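Each remark here refers to the structure printed beneath this line.
2 protein chains.
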Amino acid sequence: MTANTPPKALAFDVFGTVVDWRTSIAALVGQVLSAVGRPDIDAFAFTDDWRMRYLIGMRDFGQTGRGFVKLDILHREMLDALLVDMQLDLAEADRHTLVMGWHRLEPWPDSVEGLNRLKRRFPLVTCSNGHIALLVNMARHAGLPWDAILGAEVAQAYKPAPAAYQRTAQALDIAPGELCLVAAHHGDLFAARAAGLQTAFIHRPLEYGGAPAPDLQFQQPWDYEAGSLTELAERMGC
Amino acid sequence: MTANTPPKALAFDVFGTVVDWRTSIAALVGQVLSAVGRPDIDAFAFTDDWRMRYLIGMRDFGQTGRGFVKLDILHREMLDALLVDMQLDLAEADRHTLVMGWHRLEPWPDSVEGLNRLKRRFPLVTCSNGHIALLVNMARHAGLPWDAILGAEVAQAYKPAPAAYQRTAQALDIAPGELCLVAAHHGDLFAARAAGLQTAFIHRPLEYGGAPAPDLQFQQPWDYEAGSLTELAERMGC
Numbered sequence: 003m004t005a006n007t008p009p010k011a012l013a014f015d016v017f018g019t020v021v022d023w024r025t026s027i028a029a030l031v032g033q034v035l036s037a038v039g040r041p042d043i044d045a046f047a048f049t050d051d052w053r054m055r056y057l058i059g060m061r062d063f064g065q066t067g068r069g070f071v072k073l074d075i076l077h078r079e080m081l082d083a084l085l086v087d088m089q090l091d092l093a094e095a096d097r098h099t100l101v102m103g104w105h106r107l108e109p110w111p112d113s114v115e116g117l118n119r120l121k122r123r124f125p126l127v128t129c130s131n132g133h134i135a136l137l138v139n140m141a142r143h144a145g146l147p148w149d150a151i152l153g154a155e156v157a158q159a160y161k162p163a164p165a166a167y168q169r170t171a172q173a174l175d176i177a178p179g180e181l182c183l184v185a186a187h188h189g190d191l192f193a194a195r196a197a198g199l200q201t202a203f204i205h206r207p208l209e210y211g212g213a214p215a216p217d218l219q220f221q222q223p224w225d226y227e228a229g230s231l232t233e234l235a236e237r238m239g240c
Numbered sequence: 003m004t005a006n007t008p009p010k011a012l013a014f015d016v017f018g019t020v021v022d023w024r025t026s027i028a029a030l031v032g033q034v035l036s037a038v039g040r041p042d043i044d045a046f047a048f049t050d051d052w053r054m055r056y057l058i059g060m061r062d063f064g065q066t067g068r069g070f071v072k073l074d075i076l077h078r079e080m081l082d083a084l085l086v087d088m089q090l091d092l093a094e095a096d097r098h099t100l101v102m103g104w105h106r107l108e109p110w111p112d113s114v115e116g117l118n119r120l121k122r123r124f125p126l127v128t129c130s131n132g133h134i135a136l137l138v139n140m141a142r143h144a145g146l147p148w149d150a151i152l153g154a155e156v157a158q159a160y161k162p163a164p165a166a167y168q169r170t171a172q173a174l175d176i177a178p179g180e181l182c183l184v185a186a187h188h189g190d191l192f193a194a195r196a197a198g199l200q201t202a203f204i205h206r207p208l209e210y211g212g213a214p215a216p217d218l219q220f221q222q223p224w225d226y227e228a229g230s231l232t233e234l235a236e237r238m239g240c
C-alpha cells in the first residue's frame, strides 16, 4: 500500500467489483435454456463465454472506429454471435430477456453496507462501461447509493482508454490524482493508474467461479487492497 | 391536468424547484458583506441581481457561440460584472466563497420527503443547468436522493435548448414523452413541452421573496400541478 493523500472521491468499476454478474446471469440463462428445452447446456459456461466476448470487445474497442454505444446493443451483438457459434436459435423475446438481465444483477454480500459506509466520507460514482440507464436500473434493483452515474457514457469513451478515467475526474471537478478507482480487475487499475488515478483493488476470487482472472499479467501493488468493500471502508477510516 | 400515460422517470429542475437559492445565497452574501464592512448593502437585492444575470445569460446562451461551461465559471463571471456595476471590490477569497455557496443550498421544507416518496415509484434525475460537481455537492449537503445527475453537462446543452431535455430522456433510454420535467418555472416547462416531455409545475411563490416570477408569459395548464413535492407525490400515487 502506497502512502497517499486521501482521495476526494471514489469511482467504482461495477461488473464484478460491486455486483456478481456471473451468478445472476447464469441463473437467468439457466431459466431461459430450461424453458426452451435445452437444460443440458451449461449455464455457467454460456455466461462465461458471453462475458469473455465482452472483455475482448472492450479491450479492442478503440480499434473499431465506433463511437460510444449503449451496452445493451453490444451485449446483444455478442449474444447473437455466441448463439450462432453454439448453433442455438433463441426467440427475440428470450434474447431481450437475457440482455436486460444485466440491468438486474445482485450485489456481492458486502457491497451495499460497504458503499453506504464509504459514502459517509466520499462521493461515490460509477466508472463503468455500462450505460446510464442500465446503471440506474441496477442501482434501484440492488440498492447501490451512487452520488452520480459517470463513466463511459458521460465520458464518451470506454475503459481502458485514459479519457474514460480522466473525464470522470473532470466531471467531478477534481484532478485525476484526487480520484481513486475501486476495481476487482488488475487491467482496469493498471489503466487507471496510467491515467493518473489512485487505485484500490478488491479481491473477488469468485468472480469467475474460482477460475483465475484473465488479467493477472497486470497485477502489481495497488494503493489500497481489500477483501471486500466493508474492509475497504475500514481501511479508509469510514 | 391533462390525462397522460404516467411517465417512466422524473427529471427535476433544481434551483428554485428543489432548493431555495435565494435565502441560502442572501445569508452568505450578508455574511461576506458584513465581514468587509458593508452591511448597508441589501443582501437580497444583491442576490436577486446576481440571479437575474444568470437567467438572462442562460436565455441568451445559444447566441454566444460558447459551448458548455461549468456553472461555477458563469457564476463567477456574473458576480464579477455585478461587482463592477456596484463599484464594490471583493477579495478573490470572498468571490470564491460566494460562488461555492451555490453548492450548498438548502432544500425547501417538503423537498427531501417528497423526493424520497417519488423515488419509490420513479427514477429521479436532475435536469439542471448546474454542472455535475455542483449538483453532487448539493445533493450530499441537502440529502437529495437522485438516481443520476443528468442535464446540461451530460447533454452538453443548456436549457431551454431542446437537446438539454431530449438528451436527458435519451440517457435514460426512454422517449421524451416518457419523461416528465418537474419545475417551478413556466419558461422551463414551456421549453420541455416543446421538446416533447410531460410537465409538472410546482408552485414556489417565495422563490423571488414573493415578487412575481419573471416568466409568467409562458404560463399555461401543465400535466401536473402541485404546491409542493410531497403534494406531487400524492398526486402521482406515491
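Protein chains in written order, with my numbering: chain A, 3 to 240; chain B, 3 to 240. Even for Gly, the Cβ is constructed at its ideal location relative to N, Cα and C. Fair warning: this is a prediction, and the values are worked out from it, not measured in the lab.
**Request:** Please state whether DSSP places glutamate 209/A in a helix, a strand or coil.
**Result:** Coil at glutamate 209/A, not helix or strand.
**Prompt:** Tell me the DSSP bridge mates of cysteine 240/B?
**Reply:** For cysteine 240/B, which the question treats as bridged, DSSP gives no partner whatsoever.
**Asked** If we cut at 9 Å on Cβ distances, does histidine 142/B have a partner in chain A?
**Response** A quick correction: the sequence has arginine, not histidine, at residue 142/B. With 9 Å as the cut-off, arginine 142/B counts as an interface residue toward chain A.
**Request:** Count the CB pairs spanning the stretch 161-176 of chain B and the stretch 163-182 of chain A that are closer than 8 Å, and state whether there are at least three.
**Result:** At 8 Å Cβ cutoff, the stretches do not touch.
**Prompt:** Terminal residues of the continuous beta strand (DSSP E) containing glutamine 200/A?
**Reply:** From DSSP, the beta strand (DSSP E) with glutamine 200/A extends over 200-204.
**Prompt:** What's the call for arginine 237/B, buried or exposed, on a 16-neighbour Cβ count within 10 Å?
**Reply:** Arginine 237/B is exposed by the Cβ-count criterion.
**Prompt:** Hey, quick one: how far does the beta strand (DSSP E) through alanine 11/A stretch, first residue to last?
**Reply:** 11-14
**Asked** Leaving out the 5 sequence neighbours to the left and right, which residues in its chain are closer than 7 Å to valine 16/B when beta-carbon positions are compared?
**Response** Thr128, Ser130, Gly132, Leu137
**Prompt:** Going along chain B, which residues have a C-beta under 9 Å from glutamate 155/A?
**Reply:** Val156, Ala173
**Request:** Say whether chain B places a C-beta atom closer than 9 Å to the C-beta of leucine 199/A.
**Result:** no
**Request:** Count the other CB atoms, across all protein chains shown, that sit within 10 Å of the CB of histidine 188/A; report buried if there are 16 or more and exposed otherwise.
**Result:** By the neighbour-count rule (16 or more Cβ atoms within 10 Å), histidine 188/A is buried.
**Item:** Distance CB(valine 116/A)-CB(alanine 13/A) smaller than 9 Å
**Value:** Contrary to the premise, residue 116/A reads as glycine rather than valine in this sequence. Against a cut-off of 9 Å, the Cβ pair of alanine 13/A and glycine 116/A comes out as no contact.
**Request:** Kindly indicate which three-state DSSP category serine 230/B falls into: helix, strand or coil?
**Result:** Judged by DSSP in its simplified three-state form, serine 230/B adopts coil rather than helix or strand.
**Asked** proline 8/A versus chain B: which residues are under 7 Å apart at the beta carbon?
**Response** None at all; the shortest Cβ gap to chain B is about 17 Å.
**Request:** Grab me the residues of glutamate 155/A's own chain with a C-beta within less than 7 Å of its C-beta, minus the 5 sequence neighbours each way, in chain order.
**Result:** Phe70, His133, Ile134
**Asked** Contact check, arginine 206/A vs alanine 193/A under 8 Å by CB: the rounded distance?
**Response** Not a contact, Cβ separation roughly 18 Å.
**Message:** Quick check on isoleucine 176/B: does DSSP put it in helix, strand or coil?
**Reply:** coil
**Asked** Of all the alpha helix (DSSP H) runs that stay within the bounds of the stretch 42-94 of chain B, which reach a length of 4 or more residues?
**Response** Correct list: 45-61, 73-88.
**Message:** So, with DSSP's three-state summary, where would you put threonine 19/B?
**Reply:** coil
**Prompt:** Considering only the beta carbon of each residue, do alanine 144/B and valine 20/B sit closer than 9 Å?
**Reply:** yes
**Alpha-carbon spacing of threonine 4/A relative to glutamine 222/A, whole angstroms** = Here threonine 4/A scores only 49 on pLDDT, less than 50, and its place in the model is too uncertain to base an answer on.
**Asked** What is the DSSP secondary structure of valine 127/A, counted as helix, strand or coil?
**Response** strand
**Request:** Kindly list the residues whose CB is nearer than 8 Å to the CB of arginine 53/A, restricted to its own chain and excluding five residues on each side of it in sequence; keep chain order.
**Result:** Trp23, Arg24, Ile27
**Message:** Just to check my reading of the structure: histidine 105/B and methionine 140/B have Cβ atoms closer than 8 Å, yes? What is that Cβ distance to the nearest angstrom?
**Reply:** 6 Å
**Prompt:** First and last residue of the beta strand (DSSP E) that includes leucine 152/B?
**Reply:** 150-153
**Asked** Just the Cα atoms here: how many angstroms apart are proline 216/A and proline 125/A?
**Response** Going by the C-alpha atoms only, they are around 30 Å apart.
**Message:** Suppose you measure from the CA of glycine 18/B to the CA of glutamate 209/B; what does that come to, to the nearest Å?
**Reply:** A straight line joining the alpha-carbon of glycine 18/B with that of glutamate 209/B spans about 6 Å.
**Request:** Return helix, strand or coil for alanine 28/B, following the three-state DSSP convention.
**Result:** Residue state for alanine 28/B is assigned as helix, using DSSP reduced to three classes.
**Request:** May I have the straight-line CA-CA distance separating alanine 235/A from glycine 59/B, to the nearest angstrom?
**Result:** When rounded, the distance between both Cα atoms is 43 Å.
**Item:** Coil, strand or helix - valine 38/B by DSSP
**Value:** coil
**Request:** Compute the Euclidean distance between the alpha carbons of arginine 123/B and cysteine 240/B, then round it to the nearest angstrom.
**Result:** 7 Å
**Request:** Could you list the residues in the stretch 126-142 of chain A with a C-beta less than 7 Å from some C-beta on chain B, going in chain order?
**Result:** Look at the stretch 126-142 of chain A: the residues with a C-beta under 7 Å from a C-beta of chain B are Ile134, Ala135, Val138, Ala141, Arg142.
**Message:** To the nearest angstrom, how far is the alpha carbon of threonine 66/B from that of proline 162/B?
**Reply:** Rounded to the nearest angstrom, the gap between the Cα atoms of threonine 66/B and proline 162/B is 14 Å.
**Prompt:** What residues in the stretch 66-93 of chain B bring their beta carbon closer than 8 Å to a beta carbon of chain A?
**Reply:** Residues Lys72, Asp74.
**Prompt:** What's the call for serine 36/B, buried or exposed, on a 16-neighbour Cβ count within 10 Å?
**Reply:** exposed
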